[in-house]
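In this note's numbering, the protein residues as written are 1 to 453. To keep things clear, I will list the structure first and then write my remarks on it.
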Ligand SMILES: Cc1ncc(COP(=O)(O)O)c(C=O)c1O
């Protein structure tokens, strides 16, 4: 059995139960993994549907050019379909989108124009405006306009919704979807509610977007709009594909929660999904108290993690935005970071001359002094020097005669902040007994190394 071209492989994506990240949710949670589409996103479905609809209506003619403003995934679907069907593509996108997404579109031979993010949609520089202008100027061109083209929702009404209904054997009680153009949630949600009007449809929105407030108040509040990091969901206008009557509620998720949850999905479920999957799961967890054990929730995972390698899956990117939960450094982690250095100690009956020789040979400035293996004090370069200057004959005396108070001991879980606060002019280091009972020393130098490493 084979397919006649790559477009025939779109759809019939797997539905997979989540077992770990959703453990605090009593209901069964299933993810619709749209990454297995050939363009690695759900958008393949609607891209082909919009093209076929335009062909039928005669607005897209043979050899024509497809012009669209797209964050990448729709572009990928369009570019793939354009190759099979013999069209050219010009895409406008924003400078917020992952470089990987732009490069992927170019890999399919599309021309990509990157426009500024932080301008109004009506601004002539916006990616919406640039694509509209190109449509007027480029002969034999067609702009799908995924936001207002209802073939977008129709694709999900015909495919995504029925697949979910069949795969859950009609048991679905909740559909949870990140909302961008609104095509996925409105199309799939409409189909599912036609099968069972009790199914709840929850939209996931982001801070900086207008959807939630509009749903709750009917007001398109410009004050809700500000730049955000989350990709693929939220808008600063109301696309016609968002059918607010189908959506029961919107939940907003922060950029940070979405980014960190995206990573958790990979780590805890082994599913490499994109940013909006993280938003959707984070949003679902925020709504968990609305669910009952017998509920069956389907969450859409729109696209693939590989498109976010420079972003959510890059620790430097996360750190720059303060998103990374760095583990607090402790005595244990400081010791783990440096090479093993067992502390040299000196028995209290040994002579001061022996202490001088050891410090000289090992280039160290202090020695813990022990009695029957227990640390009882310390000698330092400076207190040896002071004593000898005062009385040179002390050389052959035992170190116990000149030793000073021991360095303080800390346990392995003591935080780096606490250790730093203990180190001062008189206490130059702390001692730690490691898991094997060996005594180790942590100096100021070790702390600096641990922080900067
Ligand atoms: C990664 C990602 N997530 C979610 C969405 C939202 O899907 P829809 O446009 O169907 O609302 C999109 C598309 O805009 C997307 O690219």
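The beta carbon of each residue, even a glycine, is placed where N, CA and C say it ideally should be.
Closer than 7 angstroms to a non-hydrogen atom of ligand 2 - does that hold for the CB of residue i?
i           : result
residue 303 : Among the ligands modelled here, namely ligand 1, ligand 2 does not occur.
Roughly how many angstroms separate the alpha carbons of residue i and residue j, rounded to a whole number?
i           : j           : result
residue 44  : residue 320 : 33 angstroms
residue 410 : residue 395 : 32 angstroms
residue 146 : residue 46  : 8 angstroms
residue 24  : residue 286 : 11 angstroms
residue 399 : residue 354 : 9 angstroms
residue 56  : residue 76  : 22 angstroms
residue 441 : residue 429 : 7 angstroms
residue 408 : residue 420 : 12 angstroms
residue 172 : residue 224 : 32 angstroms
residue 193 : residue 160 : 13 angstroms
residue 263 : residue 338 : 28 angstroms
residue 49  : residue 329 : 53 angstroms
residue 385 : residue 370 : 20 angstroms
residue 156 : residue 199 : 16 angstroms
residue 282 : residue 90  : 34 angstroms
residue 306 : residue 110 : 19 angstroms
residue 383 : residue 406 : 13 angstroms
residue 248 : residue 260 : 26 angstroms
residue 437 : residue 375 : 13 angstroms
residue 175 : residue 418 : 48 angstroms
residue 17  : residue 68  : 35 angstroms
residue 349 : residue 431 : 21 angstroms
residue 378 : residue 402 : 9 angstroms
residue 322 : residue 255 : 11 angstroms
residue 127 : residue 97  : 12 angstroms
residue 216 : residue 235 : 16 angstroms
residue 108 : residue 299 : 29 angstroms
residue 93  : residue 135 : 15 angstroms
residue 11  : residue 162 : 11 angstroms
residue 85  : residue 246 : 34 angstroms
residue 222 : residue 211 : 11 angstroms
Between residue i and ligand 1, is there a pair consisting of the residue's CB and a ligand heavy atom that are separated by less than 7 angstroms?
i           : result
residue 43  : yes
residue 276 : yes
residue 73  : yes
residue 231 : yes
residue 181 : yes
residue 225 : no
residue 36  : no
residue 178 : yes
residue 184 : yes
Under 7 angstroms Cβ to Cβ from residue i, same chain only, skipping five residues before and after it: list those, please.
i           : result
residue 454 : Nothing in the structure corresponds to residue 454, since the chain is present only between 1 and 453.
residue 227 : 117, 118 and 208
residue 105 : 72, 75, 76, 79, 91 and 112
residue 81  : 7, 47, 48 and 51
residue 154 : 49 and 187
residue 189 : 175, 201, 246 and 247
So residue i packs on residue j, CB below 8 angstroms; how close in whole Å?
i           : j           : result
residue 336 : residue 414 : Going by Cβ atoms, the distance from residue 336 to residue 414 rounds to 14 angstroms, so no, they are not a contact pair.
residue 302 : residue 272 : So it is not a contact: roughly 13 angstroms between Cβ atoms.
residue 54  : residue 139 : That belief does not hold up - the Cβ atoms of residue 54 and residue 139 are roughly 16 angstroms apart, past 8 angstroms.
residue 123 : residue 131 : The pair is not a contact, with the Cβ atoms about 13 angstroms apart (cut-off 8 angstroms).
residue 243 : residue 182 : 7 angstroms
Looking only at its chain, what residues have a beta carbon closer than 6 angstroms to the beta carbon of residue i, apart from the 5 residues adjacent to it on each side?
i           : result
residue 240 : 148
residue 27  : 291, 295 and 297
residue 87  : 64 and 66
residue 33  : 13, 14, 16 and 301
Sort out for me which residues DSSP pairs residue i with in a bridge.
i           : result
residue 415 : 330
residue 51  : DSSP output for residue 51 lists no bridge partner at all.
residue 371 : 374
residue 366 : 380
residue 273 : 304
residue 429 : 443
residue 31  : 16 and 299
residue 250 : 203
residue 347 : 370
residue 181 : Note: residue 181 sits in no beta bridge, so no partner.
residue 398 : 351
Excluding the five sequence neighbours on either side, which residues of its own chain have a C-beta within less than 8 angstroms of the C-beta of residue i, listed in chain order?
i           : result
residue 125 : 115, 116 and 119
residue 324 : 315 and 318
residue 36  : 13 and 14
residue 20  : 268 and 269
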